[in-house]
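Asker:
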Amino acid sequence: MKDFVRLFNQLDQTTKTNKKVAVLKSYFDTATDMDKLWTIAILSHRRPKRSVRTALLREWAAAEANLPLWLFEESYHIVGDLAETIALVHPNLESKNDKSLTEWIQFIIDLKPLSDEDQKEKVRWAWNQLDERERFVFNKLLTGGWRVGLSQKLMTRALAQHAEVEENTLTHRLMGDWRAETSDYHDLVEATNVADQLSKPYPFYLAYALEGEPREIGSPEEWLAERKWDGIRGQIIIRDGELFVWSRGEELVTDKFPEFQDLTEALPNGTVLDGEIIPFKNGKPLSFSTMQTRISRKNVSKAILKSAPIVMIAYDILELNGEDLREKPQVERRKLLEQLLQNHPTEKLLISELVDFSNWNDLVKERLKSRENNVEGLMLKRKDSTYKIGRKKGDWWKWKVDPLTIDAVMIYAMRGHGRRANLYTDYTFAVWDDEKLVPFAKAYSGLTDKEINRVDAFVKKNTVDKFGPVRSVKAELVFEIAFEGIAKSSRHKSGVALRFPRIHRWREDKPAAEANTMDDLNKILAEFG
Amino acid sequence: MLSPLLQFTEKGIYCKRANVYIDPWKPVDYAIITHAHADHSRWGNKFYLSHHLSKPIIQHRLGQDISIESMEYGETRTINGVKFSFHPAGHIIGSAQVRVEYKGEVWVASGDYKLEDDGFCAPFEPIKCNVFITECTFGLPVFKWKPQEEVFAAINAWWRQNKADGKATVLTGYSLGKAQRILQGVDPSIGKIYTHGAIEKTNEVIRNMGVKLNDTIYVTPEIQKKEYEGSLIIAPPAALGTSWQKKFPPFEVGIASGWMNMRGPRRRQSVDRGFVLSDHADFESLNMAINATGCEKVIVTHGYTNIFSKWLNENGIDSQVESTEFEGELAEVGQGKGEKESE
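These protein sequence lines are chains A and B, in that order.
Each number in this note's numbering comes from the position in the first sequence (counting from 1) with 39 added on.
Each number in this note's numbering comes from the position in the second sequence (counting from 1) with 11 added on.
(1) Going by DSSP in three states, ALA234 (chain A) sits in which element: helix, strand or coil?
(2) Kindly indicate if chain A contains any beta-carbon less than 9 Å away from that of ARG72 (chain B).
(3) If we ignore side chains and look at the alpha-carbon of each, how far apart do ASP235 (chain A) and SER222 (chain A) end up?
(4) Just checking my contact of ILE77 (chain B) with VAL216 (chain B) at CB under 8 Å: how many whole Å lie between their CB atoms?
(5) List the residues that DSSP assigns as beta-bridge partners of ASP363 (chain A).
(6) Cβ atoms of LYS161 (chain A) and LEU153 (chain A): under 9 Å apart, would you say?
(7) Can you pull the chain A residues whose beta carbon is under 7 Å from the beta carbon of VAL153 (chain B), in chain order?
(8) Which residues in the same chain as MET73 (chain A) place their Cβ atom closer than 6 Å to its Cβ, once the five residues preceding and following it in sequence are excluded?
(9) Kindly say whether GLU325 (chain B), judged by its beta-carbon, lies nearer than 9 Å to any beta-carbon of chain A.
(10) Can you find the residues in the same chain that come closer than 7 Å, C-beta to C-beta, to GLU116 (chain B), ignoring five residues on each side of it along the sequence?
(11) To the nearest angstrom, how far is the alpha carbon of ASP504 (chain A) from that of ARG510 (chain A)?
(12) Pick from B:ARG88, B:ASN56, B:TRP54 and B:GLN75: whose alpha carbon is nearest that of HIS62 (chain B)?
(13) With distance defined between alpha-carbon atoms, name the residue in B:VAL162, B:THR227, B:ALA107 and B:PRO276 nearest to SER65 (chain B).
(14) Quick check on the DSSP output: the alpha helix (DSSP H) that includes HIS456 (chain A) runs from which residue to which?
(15) Quick one: what's TYR466 (chain A) bridged to in DSSP?
(16) Kindly indicate if chain A contains any beta-carbon less than 9 Å away from that of ARG171 (chain B).
(17) Just how far apart, CA to CA, sit SER353 (chain B) and THR71 (chain A)?
(18) If distances are taken between C-alpha atoms only, which option among A:ASP216, A:PHE67, A:THR467 and A:PRO130 comes closest to THR195 (chain A)?
(19) Between the alpha carbons of ASN272 (chain B) and SER114 (chain A), how many angstroms are there, rounded?
(20) Taking C-alpha atoms, which residue in A:TYR483, A:VAL448 and A:TYR466 lies nearest to GLU474 (chain A)?
(21) Along the alpha helix (DSSP H) that carries LEU209 (chain A), what are the first and last residues, could you check?
(22) Hey, quick one: how far does the alpha helix (DSSP H) through LYS562 (chain A) stretch, first residue to last?
(23) Can you name the residues of chain A whose CB is closer than 7 Å to the CB of SER96 (chain B)?
(24) Secondary structure at GLU338 (chain B), three-state DSSP: helix, strand or coil?
(25) Can you tell me which of A:LEU237, A:ILE256, A:PRO348 and A:GLU362 puts its alpha carbon nearest to the alpha carbon of MET330 (chain A)?
(26) Just to confirm, is the Cβ distance from LYS420 (chain A) to ASP434 (chain A) under 9 Å?
(27) Determine the extent of the alpha helix (DSSP H) in which GLY196 (chain B) is found, giving its start and end residues.
(28) Are the CB atoms of LYS59 (chain A) and ALA197 (chain A) nearer to each other than 9 Å?
(29) If we define contact as Cβ-Cβ less than 9 Å, is ALA61 (chain A) a contact residue for chain C?
(30) On a CA-only basis, which of B:GLY85, B:MET82 and B:VAL109 is nearest TYR32 (chain B)? Give me that one, please.
(31) Flag this pair as yes or no: are the beta carbons of ILE275 (chain A) and LEU237 (chain A) separated by less than 9 Å?
(32) Mind checking the stretch 271-282 of chain B against chain A and listing, in chain order, the residues whose C-beta falls within less than 9 Å of any C-beta there?
(33) Give me the Cα-Cα distance between LYS41 (chain A) and SER139 (chain A), rounded to the nearest whole angstrom.
(34) Under the three-state reduction of DSSP, which class applies to ARG373 (chain A): helix, strand or coil?
(35) Are there 16 or more other CB atoms within 10 angstroms of the CB of GLU173 (chain A), so buried, or fewer, so exposed?
(36) Name, in chain order, the residues that DSSP records as bridge partners for GLY314 (chain A).
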């Protein structure tokens, strides 16, 4: 594993993407096929399942370091990373082991069926074989949540250079449901035969957010406009009489949507559609919260199928009769999609209707109606554009409606994780209900590093009380909280649940007493909930 | 009831009997200063007493017109029957623990300290006392320092590699203490060593006291880009990302600080390398230092105070927390105010 640990250190020690790609390539150049396969799996979030409970790891680590458990836990809260905390508190030792990455992963997989006692014996043995950095990497493999500051895209680039495979081809090969335990490096990366790749989705093309005015992207006749549907981005694949549904997070979610099963009958083989899966009833989209209740369930019950029936609003076609269409221009793909849905009508597939417009001002007006239409805004797509891979600027823009906002008081703070460990970055916000502050949202993103440092200093100086990792602070700082939607919720003290709340800006001009109230929040709920 | 020999007031650590303060954070008449860092040696006091090697630095930072006297380690000054003396703290040049004795009762206010002999400032000496006042900036078991030879070997290797790649090497640490420790710790045969103005001015004060430092060149606008290639440039953290670094050829940036022990803060700084090098005590050293005093009671001031104090109490060492306005090493990761105040 020494070469893998060296790779990890090198990746950790640079912020430059070119250098990261270079060190990863040179690692691939010397690693064994098995180690390469596992490295690809780890860097594309395909780790083996966790085989040891973290509560046990914490106990064992504290005992090994001769520390009371509470002190270990406090340290963990501050470090913000369990694998790192364990590696740091453990007595420092010289490395005395030469197992390969693959052997260590097998070691971890083999822990799974063992009893707690046997697991403990093995894990302690491992910790004592390794130096601090190796121990950290081992713990990361053991606990997961691996962030090395290297995107899958960069990993693919390095591998493409190493394997001398075209990058886009490789991106496609690496998608889908493969696992390192059952795959072969050559078949996955190098082989051109893709007969076994029936379920393989295409990489999604992701839109950039339009921050300015649409006229900045060109003249209206070059563009198509659609609504930005509020659901789950998905790809529907029909090949060889089989259905596969993929979510944008590269998750195979076929089982979550049994409604689509009939599509194997309705659509010809060799069809791949891109669109938004949304709950839809009586000719209208339902709110996203309906969808959330559905996707959070493990099993899709009959009741849910009835209360939250779904459709796909299709907006692109990537494959027809087994032919990859991604290089064809947008308008041509659109025409093929329209024809397909005309010739094979099914109530489970709707087409994302084009929004008619002759000038940008038409769209400005249309966008303002988004919330009442239960959509997130508009999508702008360049007529002559091909279907690209990943988030690329220029051809697809999402033009979201402005978020809802409310001014709230920060009342609790927690330390962050990863890069923000050791800083108070996760806050709970409240609005006034008479003299009382009622918490209604948690948010952590949206401040600059400088602002975070200042809020962190405020928290440390103005702590009123501590409960475990949470500090309650003096009610003084006001923030404007932006959110995408609001729904009634019996699980929250405030009675509302916000969708995607985040800090919009710090209202340093506003004293706490002037923050919004529960009444204000309820008004927003009545209007948009 | 008699008031304790030292008490914590809103102005600082106060000896009522002698009417003096140790490292006050608000202006007072008589301030005894443990060391010249800005959070311990503040502006506005009517009179300062420090160690000989701190005096010129305090004057440099606070003005030549302040009223200041100094004394040697072990020397005693008696004020209204209370005996005050300085003892090496090993933190930075001139840093001292303040021993306070009255009628056989001894308190030690240790300021900031480290146990490792850095080969530059006078190494820490444990002082027997009844009550020990300690910082605990790094008072968690995750903080463990490696011997400085190992750290400097890593820094030298990094510098050599950068030089071989035709790059300059920028390493940050606060201007007083860390900068000189780096300067004396690296291998000067690798290449030229440049310094930021804030550091060069501090170096000048130190050299004028007759203390030898390795040769340095002050970074000035007249220096040509090419001359920096392969060199080491030592800078305070606040200089990073400013127009000051415009004249440099391609360079790699590193930070030397105890905080670099944790991956989160290290990554947050977005630098190429973090070297774990601190002028504060790590967890084990804090425990060793406390044990060596043989004290009956520990007062914990800045750092992870509640956690560290609980740990001491569980281990049979009577401990309490007092809040102060000392900052520890925060300036090195851009969180403190000290560095800015002093420059």
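Quick reminder that beta carbons are idealized off the backbone N, C-alpha and C, glycines included.
Answerer: From the atom records:
(1) The residue given as residue 234 (chain A) occupies position 195 in the first sequence. Below a pLDDT of 50, predicted positions are generally treated as unreliable, and ALA234 (chain A), at 47, falls in that range; the measurement from the model is reported next regardless. Residue state, collapsed to three classes: coil.
(2) Working through the second sequence from its first residue, we reach residue 72 (chain B) at position 61. At a cut-off of 9 Å between beta-carbon atoms, ARG72 (chain B) makes no contact with chain A.
(3) Locating residue 235 (chain A) in the first sequence gives position 196, where the first residue counts as 1. Locating residue 222 (chain A) in the first sequence gives position 183, where the first residue counts as 1. Confidence in ASP235 (chain A) is poor, its pLDDT being 49 and thus under 50, which makes the residue's placement unreliable; the coordinate value appears in the next sentence. A direct Cα-to-Cα measurement between ASP235 (chain A) and SER222 (chain A) gives close to 11 Å.
(4) The residue labelled residue 77 (chain B) in the question sits at position 66 within the second sequence. The residue labelled residue 216 (chain B) in the question sits at position 205 within the second sequence. Not confirmed; about 15 Å, so no contact.
(5) Here residue 363 (chain A) refers to the residue found at position 324 when the first sequence is read from its first residue. Note: ASP363 (chain A) sits in a beta bridge opposite A:GLU358.
(6) Stepping through the first sequence from its first residue, residue 153 (chain A) is reached at position 114. Stepping through the first sequence from its first residue, residue 161 (chain A) is reached at position 122. Yes, the Cβ-Cβ distance between LEU153 (chain A) and LYS161 (chain A) is below 9 Å.
(7) By one-based count along the second sequence, residue 153 (chain B) stands at place 142. Chain A residues near VAL153 (chain B): SER114, VAL118, THR124, LEU127 and VAL128.
(8) As a working note, residue 73 (chain A) is residue 34 in the first sequence. Answer for MET73 (chain A): THR141, listed in chain order.
(9) Stepping through the second sequence from its first residue, residue 325 (chain B) is reached at position 314. True, the Cβ-Cβ gap to chain A drops below 9 Å.
(10) Locating residue 116 (chain B) in the second sequence gives position 105, where the first residue counts as 1. Within the same chain, GLU116 (chain B) has close Cβ partners LEU16 and ASN141.
(11) On the first sequence, residue 504 (chain A) is found 465 positions in, with the first residue counted as 1. On the first sequence, residue 510 (chain A) is found 471 positions in, with the first residue counted as 1. Rounded to the nearest angstrom, the two C-alpha atoms are 6 Å apart.
(12) In the second sequence, the residue the question calls residue 62 (chain B) occupies position 51. Of the listed residues, the one whose Cα sits closest to HIS62 (chain B) is B:ARG88.
(13) Position 54 of the second sequence, counted from the start, is the residue given in the question as residue 65 (chain B). Scanning B:VAL162, B:THR227, B:ALA107 and B:PRO276 for the CA closest to the CA of SER65 (chain B) turns up B:ALA107.
(14) Within the first sequence, the letter at position 417 stands for residue 456 (chain A). It is not in any alpha helix (DSSP H) - HIS456 (chain A) carries neither H nor E in the DSSP assignment.
(15) Your numbering for residue 466 (chain A) matches position 427 in the first sequence. A:ALA452 and A:ALA482.
(16) Residue mapping note: residue 171 (chain B) aligns to position 160 of the second sequence, counting from 1. No, no contact with chain A.
(17) The residue labelled residue 353 (chain B) in the question sits at position 342 within the second sequence. The residue labelled residue 71 (chain A) in the question sits at position 32 within the first sequence. Only weak support is given to the placement of SER353 (chain B): the predicted model assigns it a pLDDT of 27, under 50, and the question is left unresolved by the model.
(18) Along the first sequence, one-based indexing puts residue 195 (chain A) at 156. Ranking the options by Cα distance to THR195 (chain A), first place goes to A:PHE67.
(19) Here residue 272 (chain B) refers to the residue found at position 261 of the second sequence. Here residue 114 (chain A) refers to the residue found at position 75 of the first sequence. Rounded to the nearest whole angstrom, the CA to CA distance from ASN272 (chain B) to SER114 (chain A) is 13 Å.
(20) Counting from 1 along the first sequence, the entry for residue 474 (chain A) is found at position 435. The shortest CA-to-CA distance from GLU474 (chain A) to any of A:TYR483, A:VAL448 and A:TYR466 is the one to A:VAL448.
(21) Stepping through the first sequence from its first residue, residue 209 (chain A) is reached at position 170. If you look at LEU209 (chain A), you'll find it in the alpha helix (DSSP H) that goes 206-212.
(22) By 1-based counting over the first sequence, the position of residue 562 (chain A) is 523. Looking at the DSSP string, the run of the alpha helix (DSSP H) that includes LYS562 (chain A) is 557-567.
(23) As a working mapping, residue 96 (chain B) is identified with position 85 in the second sequence. Those do not exist, as SER96 (chain B) stays about 34 Å from chain A at its closest Cβ, beyond 7 Å.
(24) As a first step, residue 338 (chain B) is located in the second sequence; it is residue number 327 there, counting from the start. Three-state DSSP puts GLU338 (chain B) in coil, outside helix and strand.
(25) One-based indexing of the first sequence puts residue 330 (chain A) at position 291. For MET330 (chain A), the nearest C-alpha among the options comes from A:PRO348.
(26) Here residue 420 (chain A) is taken as the residue at index 381 of the first sequence, counted from 1. Here residue 434 (chain A) is taken as the residue at index 395 of the first sequence, counted from 1. If you check the CB distance, LYS420 (chain A) and ASP434 (chain A) come in under 9 Å.
(27) Residue numbering aside, residue 196 (chain B) sits at position 185 when the second sequence is read from its first letter. First-last of the alpha helix (DSSP H) with GLY196 (chain B): 189-196.
(28) Taking the first residue of the first sequence as 1, we reach residue 59 (chain A) at position 20. Taking the first residue of the first sequence as 1, we reach residue 197 (chain A) at position 158. The answer is yes: Cβ separation under 9 Å.
(29) Chain labels in this structure do not include chain C; the protein chains are A and B.
(30) As a working mapping, residue 32 (chain B) is identified with position 21 in the second sequence. Looking at the Cα atoms, B:VAL109 is the closest of the given residues.
(31) Locating residue 275 (chain A) in the first sequence gives position 236, counting from the first residue. Locating residue 237 (chain A) in the first sequence gives position 198, counting from the first residue. No.
(32) Across the stretch 271-282 of chain B, CB contacts with chain A closer than 9 Å involve ASN272, MET273, ARG274, GLY275, PRO276, ARG277, ARG278, ARG279, SER281 and VAL282, in sequence order along the chain.
(33) Residue numbering aside, residue 41 (chain A) sits at position 2 when the first sequence is read from its first letter. Residue numbering aside, residue 139 (chain A) sits at position 100 when the first sequence is read from its first letter. Going by C-alpha positions, LYS41 (chain A) is about 8 Å away from SER139 (chain A).
(34) As a working note, residue 373 (chain A) is residue 334 in the first sequence. ARG373 (chain A) falls in the helix class under three-state DSSP.
(35) The sequence position of residue 173 (chain A) within the first sequence is 134, counting from 1. Buried.
(36) Looking up residue 314 (chain A) in the first sequence gives position 275. For GLY314 (chain A), which the question treats as bridged, DSSP gives the partners A:GLY273 and A:ALA353.
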